[in-house]
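Reading through the structure tokens given below for one structure.
Following this line, the structure appears as structure tokens:
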């Protein structure tokens, strides 16, 4: 996903770090003809295998997108990121990775 239309100053590296603080794991990724270094990037890669393995389906995807957008918009607000992390944890608790234990 090219982050530049969302925020021209936001890098993939920063987005990855911010979203990690919000309990969301993804990785920085170069976009086609990326003007930034591959160590910084202008984009991120968002995968769905983890959430679909946990049983999440289409109805949960807009909520996940909303978590991502809120975290990136409020990336300089530690308390907002902590609140989002709590919401992410609550959602994940409803879809346990190992519902029958390990």
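Residue numbers (the numbering used here): 42 to 143. We put the CB at the ideal spot given by N, CA and C, even for glycine. Since we're looking at a predicted model, the values are computed, not measured.
Checking the DSSP bridge columns, you'll see residue 68 partnered with 86. When the five nearest sequence neighbours on each side are left out, the beta carbons in the same chain lying within less than 7 Å of the beta carbon of residue 86 are those of 67, 68 and 70, in order along the chain. For residue 43, the three-state secondary structure derived from DSSP is strand.
Taking the CA atoms as reference points, residue 55 sits about 22 Å from residue 102.
In this structure, DSSP gives residue 136 a state outside helix and strand, which the three-state scheme calls coil.
Pairing residue 92 with residue 53 gives a Cβ-Cβ distance that is not under 8 Å.
Across the structure, residue 64 and residue 130 are spaced so that their CA atoms are roughly 7 Å apart. Residue 142 sits in coil when the DSSP states are folded into three classes, being neither helix nor strand.
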